[in-house]
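Step one of this worksheet: look at the structure below.
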Amino acid sequence: MRKAQSTKHETHSGYVALIGRPNAGKSTLLNRLVGQKIAAVSDKPQTTRFRIQGVITKPEGQVVLVDTPGVHQPGYELNRRMMASVQEALMGVDLVCLIRDALVSTGNGDRFVLNLVKQSGKPALLLLNKIDKLEDKSALLPLIDWYRNEHDWREIIPISALKDDQTDVLIDNCLRHLPEGEPIFSEDELTDQSLRVLVSEIVREKVLQVTGDEIPYVTAVVTERFEEVRDDFARINCVIVVERPSQKKIIIGKGASRLKEIGIRARRDIQELLGHRCHLELFVKVEEDWRNRDELLDEFGLSGN
Ligand SMILES: Nc1nc2c(ncn2[C@@H]2O[C@H](COP(=O)(O)OP(=O)(O)OP(=O)(O)O)[C@@H](O)[C@H]2O)c(=O)[nH]1
Ligand SMILES: [Mg+2]
Numbered sequence: 025m026r027k028a029q030s031t032k033h034e035t036h037s038g039y040v041a042l043i044g045r046p047n048a049g050k051s052t053l054l055n056r057l058v059g060q061k062i063a064a065v066s067d068k069p070q071t072t073r074f075r076i077q078g079v080i081t082k083p084e085g086q087v088v089l090v091d092t093p094g095v096h097q098p099g100y101e102l103n104r105r106m107m108a109s110v111q112e113a114l115m116g117v118d119l120v121c122l123i124r125d126a127l128v129s130t131g132n133g134d135r136f137v138l139n140l141v142k143q144s145g146k147p148a149l150l151l152l153n154k155i156d157k158l159e160d161k162s163a164l165l166p167l168i169d170w171y172r173n174e175h176d177w178r179e180i181i182p183i184s185a186l187k188d189d190q191t192d193v194l195i196d197n198c199l200r201h202l203p204e205g206e207p208i209f210s211e212d213e214l215t216d217q218s219l220r221v222l223v224s225e226i227v228r229e230k231v232l233q234v235t236g237d238e239i240p241y242v243t244a245v246v247t248e249r250f251e252e253v254r255d256d257f258a259r260i261n262c263v264i265v266v267e268r269p270s271q272k273k274i275i276i277g278k279g280a281s282r283l284k285e286i287g288i289r290a291r292r293d294i295q296e297l298l299g300h301r302c303h304l305e306l307f308v309k310v311e312e313d314w315r316n317r318d319e320l321l322d323e324f325g326l327s328g329n
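Just so you know, we're using this note's numbering here: the sequence shown kicks off at 25 and counts up by one.
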């Protein structure tokens, strides 16, 4: 008797962009699906400033998710570059996920994002996020109707990035709509971001968490020193850049209390990322109008492409 030939399972793989307005939950979803914190998250809009790739590998294939800055009207060169990186992301992917907060009403910003997705000509999924905040899921129906009338979506999926609800369904659907192909990255390669950048972003996230309304927009963080002194110990210096001396004062706080709090929180996350202890030193520096200065934006890694 001849042995039955094993059937060959085709895998699917490709790039999937997460596009949406600020605060929709793009970075929360990226972190959740990758299973590791690689993107900064905060309740302040415009947290993400450049594209961040996260790799999700399953037996059925590989999804390379591309997190992008929330779509908004650019006021500074920084914001213009952020929006350029959204366009770049749209051009470079096989599939687009438009993600929106299911609880906010539809406005001009949503129409603008929708048009970006349409203009890309790419197949698209619609993700209605934050459904954990909805008591009655039927409240989604008018929203689904509106979007269905506007575009031919491959799928419409209500999800909760925060509570990990329906995210497995999302991955299955991404894989289904990606072309057949082998995995692009090895399974342990979770992101395209360097450790230095991951560290800077952790510090920036903590700045956003412990400061109020004005500071998020005027802060950049650069890792100036990253030295693995031993296998189990690193020395790290980060510079927090702001635009005015008054903002420097806010970040430092009374008796340096706020800066200390930023340092404690950041060190905790950095140690988790590295898997060992580190010494973290933070400096605050003023660079007037850095958001409009090309050379500084380049130096801070905010190239926009
Ligand atoms: N309740 C709830 N909150 C969520 C969910 N997903 C994200 N959030 C919250 O929404 C806020 C914004 O999340 P982010 O992931 O930073 O949003 P973003 O779309 O990446 O924002 P930008 O980078 O500014 O464009 C944070 O306070 C998150 O905790 C969700 O599924 N449910
Ligand atoms: Mg984000």
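In this text, a Cβ means the ideal position worked out from N, Cα and C, and glycines have one as well.
Residues of its chain near residue i, where Cβ-Cβ distance is below 6 angstroms and the 5 sequence neighbours each way are ignored
i      : result
Val245 : Ser224, Val227, Arg228, Cys262, Ile264
His201 : Leu119, Pro147, Arg178
Lys27  : Confidence in Lys27 is poor, its pLDDT being 47 and thus under 50, which makes the residue's placement unreliable; the coordinate value appears in the next sentence. Same-chain partners within the cutoff: there are none.
Gly325 : none
Lys309 : Val263, Val265
Tyr171 : Leu150
Ala108 : Gly328
Residues near residue i in its chain [Cβ-Cβ closer than 8 angstroms; skip 5 each side]
i      : result
Leu164 : Ala126, Leu152, Ile155, Leu158, Pro182
Asp313 : Glu267
Gln295 : Arg301, Cys302
Ser66  : Glu229, Leu232, Gln233, Pro240
Lys187 : Asp156
Asn173 : none
Pro269 : Val310
Sequence-distant residues of its chain with Cβ nearer than 7 angstroms to residue i (five each side left out)
i      : result
Ser144 : Leu114, Val120
Glu34  : Glu204
Arg317 : none
Val137 : Ile43, Gly44, Arg45, Val95, Leu122
Leu321 : Glu101, Leu102, Arg105
Arg56  : Ala185, Asp188, Thr191
Gln29  : For Gln29, the predicted model reports a pLDDT of 49, less than 50, meaning its position is unreliable; a value from the coordinates is still stated below. Counting only Cβ-Cβ distances below 7 angstroms, and skipping sequence neighbours, we find nothing.
Glu213 : Val79
Gln60  : Leu214
beta-carbon residue i near ligand 2 non-hydrogen atom, thresh 7 angstroms
i      : result
Thr71  : yes
Lys187 : no
Ala63  : yes
Ser51  : yes
Leu91  : Reading off the sequence shown, one finds Asp at residue 91, where the question assumed Leu. Yes, ligand 2 has a heavy atom inside 7 angstroms of this Cβ.
Heavy atom of ligand 1 within 7 angstroms of residue i beta-carbon
i      : result
Arg40  : Here the sequence assigns Val to residue 40, which means Arg is not the residue at that position. No, Cβ of Val40 sits at least 7 angstroms from all heavy atoms of ligand 1.
Pro166 : no
Ala48  : yes
Ser109 : no
Ser144 : no
Asp330 : This structure cannot speak to residue 330, because the chain is shown only from 25 to 329.
Asn103 : no
Asp156 : yes
Asn153 : yes
Gly94  : yes
Gly44  : yes
Asp192 : no
Asp293 : no
Ser270 : no
Ser66  : yes
Ser184 : yes
Element boundaries [alpha helix (DSSP H), containing residue i]
i      : result
Tyr241 : 239–242
Thr72  : Segment: none, Thr72 is in no alpha helix (DSSP H) and carries neither H nor E.
Lys20  : Nothing can be reported for residue 20, as the shown portion of the chain is limited to 25 through 329.
Val234 : 219–234
Lys157 : Lys157 -> no alpha helix (DSSP H), and no H or E assigned at all.
His201 : 191–201
Glu319 : 318–323
Leu53  : 50–58
Ile62  : Taken as a continuous stretch (DSSP letters only), Ile62 belongs to no alpha helix (DSSP H), as it is neither H nor E.
Ser270 : 269–276
Range covered by the beta strand (DSSP E) that runs through residue i
i      : result
Gly38  : 36–43
Arg105 : Segment 101–116 is the alpha helix (DSSP H) holding Arg105; no beta strand (DSSP E) there.
Val90  : 85–91
Leu306 : 301–310
In DSSP terms, what residue i is bridged to
i      : result
Gly78  : Leu89, Thr215
Thr247 : Cys262
Pro182 : Leu152
Ile123 : Leu151
Glu174 : The partner list for Glu174 (beta bridge, DSSP) is empty, contrary to what the question assumes.
Phe209 : DSSP, once it has assigned bridges, lists no residue as partnering Phe209.
Phe136 : None, per the DSSP bridge assignment.
Arg254 : Phe257
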